[in-house]
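S.K.: Numbering (the numbering used here), first residue to last: 1025 to 1411.
First the structure, which I've put down as structure tokens, then a few questions once you've had a look.
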Amino acid sequence: MRTVKTALIGAGFVGPHHIEAARRLGFVEVVAVAGSSQASAETKASKLNIPKSYGNYEALLDDPEVEVIHNCTPNELHLPVTMAAIERGKHVIADKPLALNSADARTMLEAARKKGIVHAVTFNYRYNPLMQQARVMVGRGDLGQVHFVHGGYLQDWLLFPNDYNWRLEKEGGPSRCVADIGSHWCDLIGYLTRSRISEVLAEYTTVFPTRQRPKASREAFAQSSGSEEFEEYPVGTEDFASVLLRFENGMRGTFSVSQVSAGHKNGLELEINGRRASIGWKQERPNELWIGRRNEPNGWLLKDPSLLDQSIRHYAALPGGHGEAWADAFRNLLRNVYSFIAEGHSMEADKDKIEFPTFADGFESNCIVEAITKSARAGGVWTKVLR
Ligand code: SOE
């Protein structure tokens, strides 16, 4: 495989994980990083051992050595950074949500298609080996016709009023919890069942209408030291949400998301119920897939390549009993994107070789989040997902 040269824009919480996953592939070289200032870019470059640092993203994008960028900036910068990268013909791997709203997501999707660049969005949970297995099982009818999907995505890192991150600010977008983690849940369910959500009904709740904003910036999951200076900041977005779903094929669903549920760290959970059987999975126990049956004992499929369907076995890199988790799924996703690039494929001509979420999936996700937010703002009325 030829070496692909890549760069990181935005080195907050998730950016370094993108870089680590890309480096594990062995044929990706990380050549540059851009931060919000030259000083912060240099600090990140030395910490992550990246040779070049830029104090703004435009300068990085002008570097001819860079072929691909990881856009890991705060949500409000997703559009300008991605559009500037597309204009210069760089391939883009964008963190989710793709955009603040569906109109911006459509703009990025259309521009990326026109320019012919490779575009991807990091809906990483799809690439856990057991999620790949679940997709095969649903697709070949092991569960029978699916009628109900349910679950949630609960976290606790914003449980206290002095927990703080840019996601709480107005610029982060009209939805917080649903856009940040509900987007993953809906993407995963749509991917596993090959079904599209048609209508939603939602309620949003803000537990803390104001929060203590520290004077210095703080990354996701980092806690207050207790001695920082802060100011009270009004928060308009949801701390938790409850959502009902109707799908185009008649399936029904429901999920809850929360960033204020003590004890839940990154609790993405889902269950799929069909006429014959059910399956269930918890992201925090990623090597176990529950199988529910009516007239036979229930079971657990433990991740083991030899027990997985041949077509997706390569998503498990280690033998049974050797756990694989979040970082490995991320590596699997990036392997699909970077090999597509290294092999010189085109998004238009090689559609059948795309095995990663694209800006089309990012746009779909923005449309769903928008409908959920609209429903909640209207007081909980069934609202169509407009695409
Ligand atoms: C914070 O809620 C966050 O880092 C999300 O932004 C990620 O997408 C999720 O994977 C983990 O939690």
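C-beta atoms are modelled at their ideal positions from N, C-alpha and C, and glycine is treated no differently.
These numbers were taken from a predicted model, which means no experiment stands behind them.
Tell me, which residues are paired with HIS1094 by DSSP?
M.R.: Position 70 of the sequence shown holds residue 1094. Paired residue(s): LEU1032, ILE1117.
S.K.: Find out if the Cβ-Cβ distance for the pair TRP1190, SER1248 is shorter than 9 Å.
M.R.: Here residue 1190 is taken as the residue at index 166 of the sequence shown, counted from 1. Here residue 1248 is taken as the residue at index 224 of the sequence shown, counted from 1. Taking 9 Å as the Cβ cut-off, TRP1190 and SER1248 do not qualify as a contacting pair.
S.K.: Quick one: what's ALA1340 bridged to in DSSP?
M.R.: Within the sequence shown, the letter at position 316 stands for residue 1340. Bridge partners of ALA1340: none, in fact.
S.K.: For TYR1188, does the three-state DSSP call read helix, strand or coil?
M.R.: Position 164 of the sequence shown, counted from the first residue, corresponds to residue 1188. DSSP places TYR1188 in coil when its eight states are reduced to three.
S.K.: DSSP state of LYS1306, grouped into three classes?
M.R.: Here the question's residue 1306 lines up with position 282 in the sequence shown. DSSP places LYS1306 in strand when its eight states are reduced to three.
S.K.: Could you check which residue in VAL1052, SER1199, ALA1353 has the C-alpha nearest to that of ILE1392?
M.R.: Here residue 1392 refers to the residue found at position 368 of the sequence shown. Closest option to ILE1392, Cα to Cα, is SER1199.
S.K.: By DSSP, does LYS1327 sit in helix, in strand, or in coil?
M.R.: On the sequence shown, residue 1327 is found 303 positions in, with the first residue counted as 1. LYS1327: coil per DSSP, three-state reduction.
S.K.: Could you give the C-beta distance for GLY1260 and LYS1194, rounded to a whole number, given that I count them as a contact under 8 Å?
M.R.: Here residue 1260 is taken as the residue at index 236 of the sequence shown, counted from 1. Here residue 1194 is taken as the residue at index 170 of the sequence shown, counted from 1. Sure, about 7 Å apart at Cβ, within 8 Å.
S.K.: Would you say ASP1204 touches the ligand SOE, meaning its beta carbon is less than 8 Å from a heavy atom?
M.R.: For the purposes of this step, residue 1204 is identified with residue 180 of the sequence shown, where counting begins at 1. Yes, since a heavy atom of the ligand SOE falls inside the 8 Å radius drawn around the Cβ of ASP1204.
S.K.: Which residues does DSSP pair with VAL1057 in a beta bridge?
M.R.: Residue numbering aside, residue 1057 sits at position 33 when the sequence shown is read from its first letter. According to DSSP, which records beta bridges pairwise, VAL1057 is partnered with LEU1032, SER1077.
S.K.: Compare the Cα-Cα distances from LEU1269 to each of GLY1214, CYS1096, TYR1257 and report the closest residue.
M.R.: As a first step, residue 1269 must be located in the sequence shown, where it is residue number 245. Among GLY1214, CYS1096, TYR1257, the Cα nearest to that of LEU1269 is on GLY1214.
S.K.: Taking the Cβ atom as the reference point for each residue, do LYS1289 and GLU1308 lie within a distance shorter than 9 Å?
M.R.: Looking up residue 1289 in the sequence shown gives position 265. Looking up residue 1308 in the sequence shown gives position 284. Yes; because the gap between Cβ atoms is below 9 Å, this pair is in contact.
S.K.: Which stretch, first to last residue, makes up the alpha helix (DSSP H) that contains GLY1039?
M.R.: For the purposes of this step, residue 1039 is identified with residue 15 of the sequence shown, where counting begins at 1. First-last of the alpha helix (DSSP H) with GLY1039: 1039-1048.
S.K.: PHE1254 bridges to which residues according to DSSP?
M.R.: Numbered from its first residue, the sequence shown carries residue 1254 at position 230. Beta-bridge pairing links PHE1254 to PRO1238.
S.K.: Are the beta-carbon atoms of VAL1092 and THR1106 separated by less than 9 Å?
M.R.: Taking the first residue of the sequence shown as 1, we reach residue 1092 at position 68. Taking the first residue of the sequence shown as 1, we reach residue 1106 at position 82. Contact: no.
S.K.: Starting from HIS971 and walking both ways along the beta strand (DSSP E), at which residues does that stretch end?
M.R.: Nothing in the structure corresponds to residue 971, since the chain is present only between 1025 and 1411.
S.K.: Helix or strand or just coil, what does DSSP make of PHE1383?
M.R.: If you number the sequence shown from 1, residue 1383 lands on position 359. Here PHE1383 sits in helix by DSSP.
S.K.: Tell me whether LYS1306 counts as near the ligand SOE, meaning its Cβ is closer than 8 Å to at least one heavy atom of that ligand.
M.R.: As a first step, residue 1306 must be located in the sequence shown, where it is residue number 282. No, since every heavy atom of the ligand SOE falls outside the 8 Å radius drawn around the Cβ of LYS1306.
S.K.: Can you give me the start and stop residues for the alpha helix (DSSP H) that SER1126 sits inside?
M.R.: The residue given as residue 1126 occupies position 102 in the sequence shown. Counting along the chain, the alpha helix (DSSP H) containing SER1126 begins and ends at 1126-1139.
S.K.: Mind checking who ARG1276 pairs with in its DSSP beta bridge?
M.R.: Locating residue 1276 in the sequence shown gives position 252, counting from the first residue. In the DSSP output, where bridge partners are listed per residue, ARG1276 has PHE1172, ARG1270.
S.K.: Between which two residues does the beta strand (DSSP E) containing LYS1262 stretch?
M.R.: Position 238 of the sequence shown, counting from 1, holds the residue named residue 1262. Lys is not the amino acid found at residue 1262; the sequence shown has Glu there. Counting along the chain, GLU1262 falls outside any beta strand (DSSP E), and DSSP gives it neither H nor E.
S.K.: Can you determine whether any heavy atom of the ligand SOE sits closer than 8 Å to the C-beta of VAL1393, and answer yes or no?
M.R.: The residue given as residue 1393 occupies position 369 in the sequence shown. No, the Cβ of VAL1393 stays beyond 8 Å of every heavy atom of the ligand SOE.
S.K.: Using the beta-carbon count (16 or more within 10 Å), is ASP1211 buried or exposed?
M.R.: On the sequence shown, position 187 is the one that residue 1211 refers to. Its Cβ being crowded by 16 or more others within 10 Å, ASP1211 is buried.
S.K.: When DSSP labels each residue in this structure, what does VAL1284 get in the three-state scheme?
M.R.: For the purposes of this step, residue 1284 is identified with residue 260 of the sequence shown, where counting begins at 1. If DSSP states are grouped into helix, strand and coil, VAL1284 belongs with coil.
S.K.: Quick one: Cα of LEU1103 to Cα of GLY1323, how far?
M.R.: The residue labelled residue 1103 in the question sits at position 79 within the sequence shown. The residue labelled residue 1323 in the question sits at position 299 within the sequence shown. Approximately 45 Å between the Cα atoms of the pair.
S.K.: Contact between the segment 1334-1350 and the segment 1139-1157 is defined here as three or more beta-carbon pairs at a separation below 8 Å; is this criterion met?
M.R.: The segment 1334-1350, when compared against the segment 1139-1157, does touch it at the 8 Å Cβ threshold.
S.K.: Is the beta carbon of ARG1300 less than 9 Å from the beta carbon of ASP1187?
M.R.: By one-based count along the sequence shown, residue 1300 stands at place 276. By one-based count along the sequence shown, residue 1187 stands at place 163. No, these two residues do not count as a Cβ contact at 9 Å.
S.K.: Since TYR1362 contacts LEU1072 with CB under 8 Å, what's their CB separation in whole angstroms?
M.R.: Taking the sequence shown and counting its residues from 1, one reaches residue 1362 at position 338. Taking the sequence shown and counting its residues from 1, one reaches residue 1072 at position 48. About 18 Å separates the two Cβ atoms, so there is no contact after all.
S.K.: At a cut-off of 8 Å, would you count VAL1038 as near the ligand SOE, judging by its Cβ distance to the nearest heavy atom?
M.R.: Reading the sequence shown from its first residue, position 14 is the one you call residue 1038. Checking every heavy atom of the ligand SOE against the Cβ of VAL1038, one is found closer than 8 Å.
S.K.: Between the Cα of GLY1344 and those of ALA1351, PHE1354, SER1330, VAL1055, spot the shortest distance and give me the residue it belongs to.
M.R.: Reading the sequence shown from its first residue, position 320 is the one you call residue 1344. Nearest option by C-alpha distance: SER1330.
S.K.: In its own chain, which residues sit with a C-beta less than 8 Å from the C-beta of ALA1400, not counting the 5 before and 5 after it?
M.R.: For the purposes of this step, residue 1400 is taken as residue 376 along the sequence shown, with counting starting at 1. ALA1226, GLU1227, TYR1228, GLU1262, ALA1265, listed in sequence order.
S.K.: Would you list the one or two residues that DSSP bridges to THR1407?
M.R.: Residue numbering aside, residue 1407 sits at position 383 when the sequence shown is read from its first letter. For THR1407, which the question treats as bridged, DSSP gives the partners VAL1224.
S.K.: Are there any heavy atoms of the ligand SOE lying less than 8 Å away from the beta-carbon of LYS1239, as far as the coordinates show?
M.R.: Position 215 of the sequence shown, counted from the start, is the residue given in the question as residue 1239. LYS1239: no, Cβ never under 8 Å from the ligand SOE.
S.K.: Between which two residues does the beta strand (DSSP E) holding GLY1291 run?
M.R.: One-based indexing of the sequence shown puts residue 1291 at position 267. Residues 1291-1298.
S.K.: Do ALA1118 and VAL1145 have their C-beta atoms closer together than 9 Å?
M.R.: For the purposes of this step, residue 1118 is identified with residue 94 of the sequence shown, where counting begins at 1. For the purposes of this step, residue 1145 is identified with residue 121 of the sequence shown, where counting begins at 1. Result yes, Cβ atoms of ALA1118 and VAL1145 sit closer than 9 Å.
S.K.: Look at ALA1035 and LYS1068 and say whether their C-beta atoms are less than 9 Å apart.
M.R.: What you label residue 1035 is simply residue 11 of the sequence shown in a count that begins at 1. What you label residue 1068 is simply residue 44 of the sequence shown in a count that begins at 1. In contact: ALA1035 and LYS1068 (Cβ atoms closer than 9 Å).
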